[in-house]
Amino acid sequence: MLNTPFELVTGLGFAGFLLLLLAMPLAFWAAASQSGATLVRLLVALANLLFTTQLILRWWQSGHFPISNLYESLCFLAWACTLTQLLVERAWPSPIVAAAATPMGLGCIAFASFALPDQLQSAAPLVPALRSSWLVMHVSVIMVSYAALLVGSLLSLAVLVTDRDQALELRSSSIGSGGFRQASSVGDAGAVQLHAVELSTNEQLDSLSYRTITVGFLMLTVGIVSGAVWANEAWGSYWSWDPKETWALICWLVYAAYLHTRLSRGWQGRRPALVAVVGLVVIAVCYIGVNLLGIGLHSYGWFLSIPMNTQAVL
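Residue numbers (my numbering): 1 to 314.
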């Protein structure tokens with residue numbers, strides 16, 4: 001009875017994968033040639049629409065919000081990454097943004113579609129611990145925060161590889177996004193006139209990265225707090241030093257350090273970008289690596305030895 005919806009769900013994911021696979025080389029070509037990336041944005045928007053349809057169909061098929069196992073969370077992360085990319089490109093429609101962010105959405109849906117076995121891709125009833133309204137609140141916020149942090153960190157990586165031979169002297173504030181005005185004297189009376197100065201590519205990337213990571217960090221904080229409340233409700237303890245909890249805390253500390261260096265020490269450009277790139281590795285370990293170890297309450301990704309009915313989420 002569920003074979004047809006299951007095939008449609010996986011087919012929608014595969015179609016989104018093909019669109020992103022086509023968009024990625026076009027994004028790199030547009031970034032290299034300094035041409036427009038309208039076609040790339042269209043392909044990413046279509047892929048995001050397919051992922052939205054896939055998640056809605058999966059929700060209808062399984063009867064619960066589609067973030068209960070590794071396959072569903074990867075599809076949700078691909079959806080969140082493509083949506084974040086589209087929002088960032090709306091702020092600054094540059095092909096560099098598409099070239100930096102598209103591989104993340106492509107990697108998520110590729111891993112979900114081709115690396116996971118069929119039994120993990122199939123929908124299964126929720127275990128009792130997951131039958132809570134906190135599931136949607138905690139997991140969805142965490143996944144969206146991962147998407148924002150990943151895209152922001154990839155933009156920081158772009159700061160490191162773009163115009164490497166040029167000194168990076170930022171003229172925007174750590175919080176500001178776009179304009180810088182240069183004062184100059186006009187006339188004999190000494191009147192001051194402000195002239196708008198266009199920010200360079202690296203300055204734009206740095207600003208977008210900072211703003212995106214800030215949003216992701218705030219959502220990660222909300223996700224960790226909601227997870228602690230849920231844990232206390234389910235197991236009577238706010239924090240148990242589960243491996244996933246520990247790595248989530250490490251992830252939070254890394255990005256807290258990133259924001260601290262920007263706000264308190266005034267770092268901009270390549271130095272905080274290095275911290276953000278470290279965050280990429282930490283998120284990969286937190287989201288995929290810890291799951292594959294198959295230990296703790298969040299080990300739903302260890303599909304080689306843990307039965308389906310004992311898998312937990314995140």
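Ideal placement from N, C-alpha and C gives every residue a C-beta, glycine not left out.
In chain order, what residues of the same chain lie with their CB nearer than 6 Å to the CB of residue i, ignoring the 5 residues before and after it?
i      : result
Ala98  : Ala27, Ala37 and Val40
Ala15  : Leu50
Trp267 : Thr261
Trp134 : Trp230
On the criterion of 16 or more Cβ atoms from any shown chain inside 10 Å, does residue i qualify as buried, or is it exposed?
i      : result
Phe17  : buried
Leu55  : buried
Trp79  : buried
Ser113 : buried
Leu150 : buried
Trp60  : exposed
Glu245 : buried
Gln34  : exposed
Leu42  : exposed
Asn202 : buried
Ala23  : buried
Just to confirm my understanding: we take residue i, look at its own chain, exclude 5 residues before and 5 after, and list those with CB closer than 7 Å. What are they?
i      : result
Val215 : Ala148
Leu46  : Leu19
Leu304 : Because Leu304 carries a pLDDT of 37, less than 50, the predicted location of this residue cannot be relied on, and the following value inherits that uncertainty. So no residue of the chain qualifies.
Leu77  : Cys108, Met143, Tyr146 and Ala147
Met219 : Val141, Val144, Ser145 and Ala148
Could you check which residue in the options has the C-alpha nearest to that of residue i?
i      : options                         : result
Asn69  : Ser156, Trp267 and Pro117       : Pro117
Val275 : Ala47, Ala91, Ala112 and Leu157 : Leu157
Cys108 : Leu220, Asn48 and Met137        : Asn48
Cys251 : Val285, Trp235 and Tyr238       : Val285
Arg262 : Gln121, Thr10 and Tyr210        : Tyr210
Val88  : Ser200, Ile67 and Gln204        : Gln204
Trp92  : Asp206, Ala23 and Leu160        : Asp206
Ala30  : Ile96, Met137, Ala228 and Arg90 : Ile96
Glu72  : Thr82, Leu120, Ala23 and Trp235 : Leu120
Pro25  : Arg58, Ala101, Ser237 and Phe65 : Ala101
Gly11  : Leu42, Val44 and Thr53          : Thr53
Arg58  : Leu86, Cys81, Ala124 and Ala32  : Ala124
Gly227 : Val290, Leu220 and His138       : His138
Arg131 : Leu249, Gly105 and Trp230       : Trp230
Phe111 : Trp241, Gly152 and Leu74        : Leu74
Leu249 : Gly63, Tyr287 and Leu208        : Tyr287
Ser62  : Ala273, Ala32 and Leu126        : Leu126
His64  : Gly223, Leu155 and Val136       : Val136
Can you name, in chain order, every residue of its own chain whose Cβ lies under 8 Å from the Cβ of residue i, other than the five neighbours on each side?
i      : result
Leu259 : Ile213, Thr214 and Phe217
Val254 : Val275, Val278, Gly279 and Val282
Arg90  : none
Does the beta carbon of residue i sit closer than 8 Å to a beta carbon anywhere in chain B?
i     : result
Ser35 : No chain B is present in this structure, which holds just one protein chain.
Checklist entry - Which runs of the alpha helix (DSSP H) spanning at least 4 residues fall entirely within the segment 245 to 297, listed in chain order? => result Whole alpha helix (DSSP H) segments, 4+ residues: 270 to 284 and 290 to 293.
Item to check | Ordered list of alpha helix (DSSP H) runs contained in the segment 2 to 33, each at least 4 residues | outcome: As far as the segment 2 to 33 is concerned, its whole alpha helix (DSSP H) runs of at least 4 residues are 3 to 33.
Next on the checklist: For a minimum of 4 consecutive residues, which ranges assigned as the alpha helix (DSSP H) are wholly contained in the segment 65 to 144?
Outcome noted: Those alpha helix (DSSP H) runs which fall completely within the segment 65 to 144 and span 4+ residues are 70 to 91, 95 to 110 and 118 to 121.
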